[in-house]
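Keeping their order, the protein sequence lines are chains F and B.
Note that my numbering numbers the first sequence so that position 186 is 226, with each residue one more than the last.
Note that my numbering numbers the second sequence so that position 277 is 355, with each residue one more than the last.
Below: the structure, in structure tokens.
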Amino acid sequence: MRRTVLPLLIVQGACLAQPFIFNRGIANSASSLPFGIPGGTIAQGSIFSIYGRSLGPATGVQPSAFPLNATLSGVSVSVTDGITPLNAYPVYVSASQVNAIMPSNTPVGSVSVRVTVNGIASNSVPVRIGPASLGLFTALGTGAGPGIIFNYVTAAKQPLNSLTTPAKPGQVVTMWGTGLGPVAADNVAPAGGNLPVGIEVFVGGKSASTSYHGRSPCCAGDDQIVFQVPVNAPTGCWVPVNVQLAGTAVSNTVTMAITSDGSSCVASASNPAKAFIQGGKVGLLAPMRADINQSAPNSPLNLRADFLVARFGQEKGGPLAFNPLVSLPPAGTCTAYAGQGDWFISATLPNLAPSVAALDAGGGMVTAGGKSGTYVAAYSPLLLGYLGSLNPANTTAPDTTLLGPGIVKIQIAGGANVPSFNTTATMISPLTWTNQSQILTVNRANDLQLTWTGGSGQTVAAVGGNVDVITNSSGIFVCVASPGATSITVPAPILANVPQGRGDPHYSKGAIFLVGAGASGAFSASGVDQGFLVPIYLTGEAVAFQ
Amino acid sequence: MRHALWILVIAGSAVLQAQNPNLNFLNNEIAQQIANMEALLGDGPTDVTGKMGPMPNGGECTIQITVASQSDPSQYYTYTVPTVSDKLCKDYILQQETDGSFKVVPKNDPAQSLQQDLNNLQQLLNFLNGLGGQIRAPGQTAAPQEAPVQTGVKPRQAGDSGTAFPEVLPLPFAPPLSAGVAVTSSNGCNPGQTYLYFRINHFDNSVTRYDGCPMQITATIPIAAPGPLQGVLTPDNSTLIVTSYNQGITFINATTNQVTKTITTDPSVFPAGIAMRFDGAIAYVVSLIDQNPVVLVLDVQNQQIVGSIPIPVIYPHSVYFSPDGTIALVTCPFANYVYMIDVLTSTISTAIPIPDPRDIAFNPTGTQAYITSGVYPDSIKVVDTATFTIVDSYPVNGYPGLIHISRDGRDLTVLDLDSTNMFFIDLATRNTVTISTVVAGGGLVGVP
């Protein structure tokens with residue numbers, strides 16, 4: 041008889057629950073701001089989205105009547121701080137996404153969210169809960185670009201604000217969001233009325249007067265803010281709008297179109313934005329020189345790099361057209377973006393990619409100052425074709441930069457969509473950033489002023505932000521100076537959703553760039569409906585955001 | 079003068095840590111099982127035989143002890159020890175003692191001279207410095223509080239060590255590539271910087287501290303709990319926490335080199351892997367055992383155990399926090415699983431099957447986990463931490479164990495458990511360079 045004593049090696053089958061919530065896969069339904077951004081807190085009583093797999097039925101289901109139940113089509117959402125379990129109210133369930141209302145009595149702090157589908161529980165994912173944290177809904181559903189803002193004309197006529205239906209200064213509008221704070225009951229038709237949270241709406245940096253901020257009477261979890269467009273609000277196709285709540289929380293920044301008479305918003309013919317509004321195949325070529333100073337805590341290092349931005353894409357256009365590359369805020373104002381990802385490595389800003397399809401134009405060669413630089417394929421971020429660089433600390437490496445002031449010859453090699461072509465541009469002179477050395481740290485609670493000299497005839501912009509590496513979150517701001525100005529101020533609310541630095545450039549990467557852009561020119565090429573040439577010179581500084 | 083603190087915690091020898099098993103535990107277990115089998119056979123005389131070697135199918139090293147009745151050899155029991163790796167068979171033998179019992183003993187004395195250890199450490203340090211790498215503790219993810227390392231653009235060829243470069247930060251519009259220039263450097267370490275290393279000596283029940291450039295031993299700290307295994311430093315470098323397999327968790331003041339507290343765990347707990355969250359508030363300790371395995375939750379500031387997370391499979395090995403501290407992964411090499419813990423609720427969140435997982439390194443953003451796995455050839459599994467699925471793999475020609483990712487997330491450095499090789503993998507180009515210049519040896523267990 042053979043008897044064998046074997047230590048138990050039976051592997052218990054890991055109970056792989058069918059529903060699965062993606063890690064960092066929960067966010068405010070309107071803003072989509074991630075965990076690592078200050079505005080990424082989920083408010084009590086707000087609608088939040090859960091992304092994952094096998095989270096519900098293949099076809100989306102919504103409740104048909106109040107009161108909302110804790111279970112919808114076999115899907116429930118539990119929330120716990122480790123002590124008290126609560127049930128959220130699902131308002132939309134599908135296999136890849138669940139939207140639910142965070143219970144108004146959810147404890148402030150960190151909680152874990154779990155989805156249960158027909159009795160099978162998912163993994164749990166943590167989120168941060170606050171009493172109020174507003175997300176503004178956007179037409180493109182990304183948390184950036186045109187907001188869901190209705191222009192009030194009459195009670196029966198309230199068109200969606202868009203490039204073809206802008207608001208006028210002084211006009212009353214209704215903006216939709218979620219996260220103004222808790223209410224007495226989350227699962228019944230909202231009672232309406234202002235919620236007890238102080239708010240300030242900014243339109244192009246101008247404070248707007250509000251007449252209502254509370255739940256919409258129709259829909260649980262949805263908030264409305266009724267405000268008057270300031271009479272001194274800047275006009276433009278993409279005027280930034282954000283909301284600061286009492287304290288420091290600031291919403292995502294959306295845009296609205298404002299024209300003086302309410303007529304359609306039109307960009308000038310030389311502005312690349314016009315082509316993005318019209319739609320079609322658009323080419324952007326921008327010879328760009330970057331002077332970057334990185335200092336403490338690392339060794340001071342001054343770097344120079346030359347690039348050719350070569351972006352070819354087919355754009356959808358239309359009244360809700362938006363792309364951060366060209367949808368700049370009006371002169372003298374700032375806008376902000378925040379989201380998931382390391383945007384300093386891969387520019388995954390919302391809506392940055394061509395709205396229809398990217399076009400292949402191949403690599404290219406740039407000749408200037410008696411030197412040439414060649415790139416095979418443009419790389420992220422922002423489709424940069426690297427041409428050359430200078431590292432003064434390296435006495436052995438040659439200076440391969442070439443984009444000094446003067447004529448730049450550009451030869452595009454051609455690709456599947458755009459055949460080869462040649463064009464020329466004129467490189468511009470640099471600005472002098474006069475307070476660069478004083479801006480090594482930025483206190484986000486205060487306005488930030490940048491000053492410069494030079495840049496006559498250029499469009500001057502300030503672009504900056506920070507990447508919080510360990511939470512994989514990025515926040516940036518974009519400001520455009522008024523023509524002829526020698527300074528620009530970045531308002532504190534625009535800085536609010538830039539992640540705080542961590543004191544180590546490997547874990548949080550902060551930088552500010554002062555950008556000079558020359559007058560836009562044009563180029564023609566087969567396969568491209570409109571082509572634009574914009575020489576750019578930027579000066580950058582590594583900074584710490586506090 | 080700038081000071082960059084480089085931290086390395088080295089488990090000198092580790093039970094079930096691939097290279098060096100806890101012999102006391104193993105031999106006690108063998109003796110106990112022999113006694114059990116003899117008891118099952120009754121009072122008659124028995125014959126005890128044993129063998130150690132790879133399993134017939136070419137799998138891992140296995141120990142098999144058979145106790146048979148002398149009067150009826152058809153009556154016998156066999157005890158099979160589930161070992162950890164084929165390194166056991168390579169470096170150890172099963173020896174029958176004069177009293178008939180069996181013990182696992184080293185083929186050669188594993189204790190190397192301290193000077194040799196220093197040389198090994200220095201050599202490895204030099205190598206990693208040349209790669210722009212940051213050495214970390216086993217089971218420890220990169221902590222944001224770590225001071226910057228003045229390394230830089232990587233020389234991408236074997237043996238090109240001993241230089242340091244001003245680093246081009248990954249800022250937008252910075253040159254994507256740039257050669258560096260050597261700065262103050264002395265044999266790979268910079269006298270202007272501060273170096274701090276701890277080596278955990280499993281057999282000697284002590285911790286050795288190394289400081290300076292070049293490195294010197296500055297303290298040897300006795301550990302009361304036998305069988306120290308792994309250690310982790312608090313983010314402010316003030317406290318070193320060391321696990322001991324024989325029911326001990328030791329807190330050491332890293333300034334005075336004095337033990338400030340030793341926690342004696344429940345007898346059912348066998349502390350092994352340890353990791354600390356980036357904020358230094360909590361640490362997880364894995365109990366490496368088959369019966370009721372758990373992950374202990376340590377309150378670091380108050381130096382006490384505040385929770386226990388049951389692990390549903392046998393022998394959980396090591397634990398790793400994601401950079402943002404929201405999840406932790408636990409390797410379970412016998413069960414061929416990696417378990418995810420929701421740190422907030424201290425509960426098992428989900429699991430993923432990974433063959434024989436050994437070590438884990440998160441990329442800086444925490445979006446991917448690189449897991450060394452005991453399969454050939456795709457030995458390094460890339461797990462998307464959002465979907466918790468394997469999305470890629472990298473082949474290495476060896477037996478990958480400990481893994482380290484560079485601070486910029488571009489390169490992996492992997493130690494081969496089967497040789498003195500290291501693999502250096504450029505994640506973008508997938509180019510792998512095998513370097514055999516580093517004398518790893520048993521003394522470097524735990525170096526990522």
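From the three backbone atoms N, C-alpha and C, an ideal C-beta is built for every residue, glycine too.
Note that this is a predicted model, so its numbers are computed, not measured.
Quick one: what does DSSP say residue i is sitting in, helix, strand or coil?
i: I299/B; result: strand
i: M418/B; result: strand
i: N315/B; result: coil
i: E355/F; result: strand
i: P199/F; result: coil
i: Q451/F; result: strand
i: P390/F; result: coil
i: N477/F; result: According to the sequence as given, residue 477/F is Ser; it is not Asn. Residue state, collapsed to three classes: helix.
i: P123/B; result: coil
i: A117/B; result: helix
i: Q540/F; result: coil
i: N434/F; result: coil
i: V509/F; result: helix
i: Q111/B; result: helix
i: P370/F; result: coil
i: I468/F; result: coil
i: G230/B; result: Any reading at G230/B needs caution, since the residue's pLDDT is 25, under 50, leaving its predicted position unreliable; the model's value is listed next. G230/B falls in the coil class under three-state DSSP.
i: Q336/B; result: strand
i: A376/F; result: strand
Measuring CB to CB, does residue i end up less than 9 Å from residue j?
i: N191/F; j: M418/B; result: no
i: P306/B; j: T328/B; result: yes
i: L532/B; j: M115/B; result: Since the displayed chain B opens at 79 and closes at 526, residue 532/B lies outside it and no answer follows.
i: P575/F; j: M467/F; result: yes
i: A557/F; j: A502/F; result: no
i: Y472/B; j: V461/B; result: no
i: V153/F; j: A378/F; result: no
i: S69/F; j: T293/F; result: no
i: T172/F; j: G233/F; result: Note that residue 172/F is Ala in the sequence shown, not Thr. No, Cβ-Cβ distance for A172/F and G233/F is not below 9 Å.
i: I458/B; j: P478/B; result: yes
Alpha carbon to alpha carbon, how far is residue j from residue i? Give it in angstroms, no decimals.
i: A105/F; j: V269/F; result: 35 Å
i: G187/F; j: M296/F; result: 6 Å
i: V397/B; j: F440/B; result: 12 Å
i: A413/B; j: D508/F; result: 35 Å
i: N509/B; j: Y157/B; result: 45 Å
i: P388/B; j: T343/B; result: 15 Å
i: L104/B; j: V182/B; result: 8 Å
i: K411/F; j: G444/F; result: 10 Å
i: G181/F; j: G476/B; result: 48 Å
i: L146/B; j: I367/B; result: One point to set straight first is that residue 146/B is Ala, not Leu, in the sequence displayed. So the alpha carbons of these two residues sit roughly 28 Å apart.
i: S395/F; j: E355/F; result: 5 Å
i: D486/B; j: H546/F; result: 7 Å
i: S451/B; j: P371/B; result: 21 Å
Taking Cβ-Cβ distances shorter than 7 Å, what residues in chain B pair up with residue i?
i: D382/F; result: T443
i: I468/F; result: By Cβ distance, chain B contributes nothing, its closest Cβ being about 16 Å from I468/F, past 7 Å.
List the residues of chain F that residue i touches, going by C-beta distances under 8 Å, in chain order.
i: F251/B; result: M328, A330, I332, A345, F347, L424, F553, L578 and G580
i: P478/B; result: In chain order: nothing, as chain F lies at least about 22 Å away.
i: F356/B; result: I510
i: M418/B; result: N163
Give the interface partners of residue i over in chain F, defined as CB-CB distance under 7 Å, in chain order.
i: R485/B; result: H546
i: A464/B; result: F62, N63, R64 and G65
i: L172/B; result: Going along chain F, no residue has its Cβ under 7 Å from L172/B, so there is no contact; the nearest lies around 17 Å.
When the cut-off is 9 Å and only beta carbons count, does residue i lie next to chain C?
i: P166/F; result: Protein chains in the displayed structure are F and B, and chain C is not among them.
List, from N- to C-terminal side, the alpha helix (DSSP H) runs of 4 residues or more that fit wholly inside the region 381-405 of chain B. none
Ranges of the beta strand (DSSP E) found wholly within the region 52-129 of chain F, counting only runs of at least 3: 60-68, 87-93 and 115-120
Complete beta strand (DSSP E) runs within the region 123-202 of chain F (minimum length 3 residues, chain order): 125-133, 137-141, 149-157, 160-170 and 189-191
Completely contained alpha helix (DSSP H) runs for the region 203-255 of chain F, where each covers 4 or more residues: none
Mind pulling the beta strand (DSSP E) runs of 3 or more residues that sit fully within the region 477-510 of chain B? 478-483, 489-494 and 500-504
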